[in-house]
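Below you'll find the structure, written out as structure tokens, and then a few comments.
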Amino acid sequence: MFLPMTMLAQNSVTIEGVNYALKEDGTATVTGGGDAKTTTSIEIPAEIKDGDKTYAVTRIGARAFNSYTALTTVKLPETIVAIERQAFNRCNKATEINIPSGIKAIGDMAFYRCQLLKTIPLPNSLDSIGQQAFAWCTGLTEATVPTALTEVPVSMYESCTGLTKVTLHDGITKIGNKAFYSCGKLTSFDMPPKVTSIGESAFYSCKGLTSITLPEGLKEIALEGFNQCAGLLSVEIPASVTTIGKGAFKNCSALKSVVFKGSLELLDELVFSQCKALSSITFPTGLKTVSTQAFSYTAFEEFEFPASVTTLGPRVFLGCPSLKKVTLGGTITTMDMEIFSQCKALESVTLGEGITGIPQGMFLHCEGLTNIQLPESVTEIGQKAFQYCNSLRLLTIPKNVTSIGTLAISNCKTLEKVVLPDNLTEISSDMFAVDPALTEVKFPAKLKKIGKYAFHNCTSISKFELPESLEILDESVFAGCSALTSFIFPKGVASIGSMIFNNCHNLNYIDVAEGNQTFLSKDGVVYTIPADGEQTLVVFPPKRDGVFTVPDGVTETAERAFSECESLEGVVFPEGFTTVGKWTFAYCDKLQTIVLPSTTTSLKESAFFYCKAVKSITCNALVPPAATTSSFDKSIYSVAEVSVPAASVEDYKTANIWKNFTKIASESGVENIGAETAASLTGIYNMEGVEIADSVENLPSGIYIMTYRTDAGTTIVKKVMK
788 MFLPMTMLAQ NSVTIEGVNY ALKEDGTATV TGGGDAKTTT SIEIPAEIKD GDKTYAVTRI
848 GARAFNSYTA LTTVKLPETI VAIERQAFNR CNKATEINIP SGIKAIGDMA FYRCQLLKTI
908 PLPNSLDSIG QQAFAWCTGL TEATVPTALT EVPVSMYESC TGLTKVTLHD GITKIGNKAF
968 YSCGKLTSFD MPPKVTSIGE SAFYSCKGLT SITLPEGLKE IALEGFNQCA GLLSVEIPAS
1028 VTTIGKGAFK NCSALKSVVF KGSLELLDEL VFSQCKALSS ITFPTGLKTV STQAFSYTAF
1088 EEFEFPASVT TLGPRVFLGC PSLKKVTLGG TITTMDMEIF SQCKALESVT LGEGITGIPQ
1148 GMFLHCEGLT NIQLPESVTE IGQKAFQYCN SLRLLTIPKN VTSIGTLAIS NCKTLEKVVL
1208 PDNLTEISSD MFAVDPALTE VKFPAKLKKI GKYAFHNCTS ISKFELPESL EILDESVFAG
1268 CSALTSFIFP KGVASIGSMI FNNCHNLNYI DVAEGNQTFL SKDGVVYTIP ADGEQTLVVF
1328 PPKRDGVFTV PDGVTETAER AFSECESLEG VVFPEGFTTV GKWTFAYCDK LQTIVLPSTT
1388 TSLKESAFFY CKAVKSITCN ALVPPAATTS SFDKSIYSVA EVSVPAASVE DYKTANIWKN
1448 FTKIASESGV ENIGAETAAS LTGIYNMEGV EIADSVENLP SGIYIMTYRT DAGTTIVKKV
1508 MK
């Protein structure tokens, strides 16, 4: 509040160290005087003379004694009618200032931070007091409001931490914003009977209040009106109240019970949040909406909303540590996210028929939830709806559900069985990720797609029976399903994502159902059906060991087709093969030997990334295949022996990427078959990678690729000559 200042001054004078502004109407305003750091006392006379004219001293001007840090006593004359804004602001050693009995106005921050003042008697003549007039007067123990005022001004006694008693007359109708903010020693408060409005943060952090009686006729409790009133034990809301603001009783940590005596349509955001002892409530009649975190972190053990409630906002019961049982009626038509998130003791939930959706994160981290029956009216389940429900063993999804969000049933440590509805056409990304106890999933007959990482690290599932309707399997769908030993792609699958079986270390055989129009299986390896002279090796079973010879007709490998095949020791590609795809052999950490045909043209990004055991690379292409900086692991550049056509040695030594290898030589440097080698022989292949014999007997003269076992049990691949 800013008080008007009369701008009629003709001149100014200094009398006995005090400065005055003289005005034509015969009054004088004190504008200051003395030294702000050394002046200890001030006495203002009722009148002064300038020449032969007498002036009545009626005002203490704005900032007149602002920050006079040595000032202890002030004596004002009865002629003073106004103390303007910041007149005694931050006079933090002042212990005594008299307020004249006829004063009319005190301005904003007039006595702000006068911390040693113990009493400031306010005469009833006062009809105007500015904002923060006595804020931070921490030495004040008693406070009053003059009878001429009908409102307690904004921040009038804010942070008066020593205040223990407040006397308000019966004519007060409004408690202003922050009026008693952080008056922590105030233990009781007699609310005047005509108060209709309690302003924002009016009693914020009045931690000593144990009870308060709200008058009939009160209409509004504004934003954070009683926030952090940590001693408040109970509240009765009068029937006249129509509005309760956000966080009105937030952090009232001792509050045990709340009674609404009338009707109210809305409980606003955070209204009882962090009321850690609150366990009883009598709801207002006609309640329709409960907003964000209205009861978060409260002490309720059981909860049932009245039938009038139709809308629940986000996180209504977030983190309620004692909540065990909840009943939600079918009249609730709108629910927002994470309503019961982190209610770790929640065991039982009853949802009324008529509820149509389970919103995002509704039961997130409800680690005690053992059973829930979803009503048939549910059609949609949001993402993370049941994530981290670590006591849930069985979940049956209602038949009308057509949409289930990502991560909806993930990280449920004890979940064993899920029954999916017949109308569901898509399993979303990460839907069952990290459900280690899951052993059975009943898939719907109309399923079309399974999203990426849907069953990631479901380590107990040993078999998937997928419907013929399935068309799309996204990347890493079954990654980490370590109990899988075999798998069959159904008839309708037309798209298989990369890394689909990443870290499925026991998977040894992959089949494709008869009649599939896109893929086929040969010896447990999946390929595309040849078309226009091209064929792609799509996915290789991760448990396979030894050396694998890619069949004739294959022209390229799919992204990550062999990724993390940890037992694979060698690979031989056939003539006609052209391209090793991105990340095809990434992390095959036992891969030692690579044989590429003359038709090879490209090694894509990270094709052999982190294949650090590679010792031998044979590339029969006359032109060095295109490669990227990540096609090979850099650690093998000085170790691996690279054999290339004699006519191309110099080309390889200067070609991009290939030039990094230090051991590039002609293919003519082959070994002769020795007795020891022949004795441990496991396979003989021609230079196109086709296995032609398992013994050197009757083998025509020529150059061959031979595999044999060492005493340590590892497989070695060499080019040999007979």
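The sequence shown maps to residues 788 to 1509 in my numbering.
Idealized CB from N, CA, C, for every residue including glycine.
Can you have a look at residue i and say buried or exposed, based on whether 16 or more other CB atoms are within 10 angstroms of its CB?
i: M794; result: Any reading at M794 must be qualified, since the residue scores a pLDDT of 38, below 50, and its modelled position is unreliable; the value itself is stated next. Burial call: exposed.
i: N798; result: exposed
i: K994; result: buried
i: S1285; result: buried
i: R1180; result: exposed
i: G1320; result: exposed
i: R1340; result: What sits at residue 1340 in the sequence shown is Gly, not Arg. Exposed, by the Cβ-count rule.
i: E1301; result: exposed
i: G838; result: exposed
i: P1412; result: buried
i: A892; result: buried
i: Q919; result: buried
i: N911; result: exposed
i: S1418; result: buried
In whole angstroms, what is the alpha-carbon distance linking residue i and residue j?
i: L733; j: K1204; result: Only positions 788 to 1509 of the chain appear in this structure, which leaves residue 733 out of reach.
i: S1197; j: G1155; result: 15 Å
i: K824; j: L904; result: 19 Å
i: V1483; j: V1367; result: 31 Å
i: L1253; j: F1395; result: 32 Å
i: L1138; j: G894; result: 58 Å
i: E896; j: R846; result: According to the sequence provided, residue 896 is Met. The question's Glu does not apply to it. So the two alpha carbons sit approximately 16 Å from each other.
i: T934; j: V805; result: 33 Å
i: K1399; j: E1428; result: 13 Å
i: T1380; j: I1423; result: 12 Å
i: E1437; j: K1421; result: 21 Å
i: L1271; j: F1242; result: 12 Å
i: L1161; j: G1363; result: 57 Å
i: I1283; j: A1434; result: 41 Å
i: A1026; j: T1072; result: 10 Å
i: A851; j: T906; result: 21 Å
i: E1343; j: M1218; result: 32 Å
i: E1140; j: N1210; result: 19 Å
i: E1356; j: D1332; result: 6 Å
i: P1361; j: S1385; result: 9 Å
i: R872; j: L913; result: 15 Å
i: T859; j: I802; result: 20 Å
i: S1256; j: N1293; result: 27 Å
i: S1350; j: T1371; result: 6 Å
i: S984; j: N964; result: 10 Å
i: F1070; j: I1024; result: 10 Å
So, under 8 Å CB-CB, residue i and residue j are touching, yes? Tell me the CB distance rounded to an integer number of Å.
i: K1236; j: I1259; result: 4 Å
i: A1345; j: V1325; result: 5 Å
i: L1383; j: A1408; result: 7 Å
i: G958; j: K981; result: 7 Å
i: K1048; j: T1030; result: K1048 to T1030, Cβ: 15 Å. No contact.
i: L973; j: V941; result: 18 Å between Cβ atoms; not a contact.
Quick check: residue i and residue j, are their CB atoms within less than 8 Å of each other?
i: I1444; j: V1431; result: no
i: S1109; j: E1088; result: yes
i: L1165; j: G1148; result: Note on identity: in this sequence residue 1165 is Val, with Leu being the wrong assignment. No, the Cβ-Cβ distance between V1165 and G1148 is not below 8 Å.
i: F1274; j: F1306; result: no
i: V1312; j: P1329; result: no
i: I829; j: V844; result: no
i: S1083; j: G1100; result: no
i: V1096; j: V1077; result: yes
i: I1119; j: V1103; result: no
i: A833; j: P864; result: yes
i: C1016; j: L1001; result: no
i: L1020; j: L1042; result: yes
i: V1136; j: I1159; result: yes
i: L1054; j: L1074; result: yes
Using a Cβ-based criterion (distance less than 7 Å to any ligand heavy atom), does residue i qualify as near the ligand ATP?
i: L1133; result: Judged by which ligands are present, the structure shown has none, so any question about the ligand ATP falls away.
Does any CB atom of chain B fall closer than 8 Å to the CB of residue i?
i: E1301; result: Here chain B cannot be found, since the structure has a single protein chain.
Open item on the list: Quick check on the DSSP output: what are the complete beta strand (DSSP E) runs of length 3 or more inside the region 1002-1053, in order along the chain?
Closed with: Counting only runs of 3 or more, we get 1021-1024 and 1044-1047.
TODO: Just list the beta strand (DSSP E) runs in the region 1163-1206, keeping only unbroken ones of 3 residues or longer that don't cross its boundaries, in chain order.
DONE: Entirely contained in the region 1163-1206, the beta strand (DSSP E) runs reaching 3 residues are, in chain order, 1181-1183 and 1204-1206.
- [ ] Could you pull out every unbroken beta strand (DSSP E) segment of at least 3 residues lying fully inside the region 1231-1319, listed in chain order?
- [x] Unbroken beta strand (DSSP E) runs of no fewer than 3 residues, entirely contained in the region 1231-1319, are found at 1273-1276, 1296-1299, 1306-1309 and 1312-1315, following chain order.
- [ ] Output the residue ranges of the beta strand (DSSP E) runs that lie fully inside the region 1104-1157 and measure 3 residues or longer, sorted by chain position.
- [x] Scanning the region 1104-1157 for uninterrupted beta strand (DSSP E) segments of 3 residues or longer gives 1112-1115 and 1135-1138, listed from N- to C-terminal end.
TODO: Enumerate, from N- to C-terminal direction, the unbroken alpha helix (DSSP H) stretches of 4 or more residues contained entirely within the region 867-908.
DONE: Entirely contained in the region 867-908, not one alpha helix (DSSP H) run reaches 4 residues.
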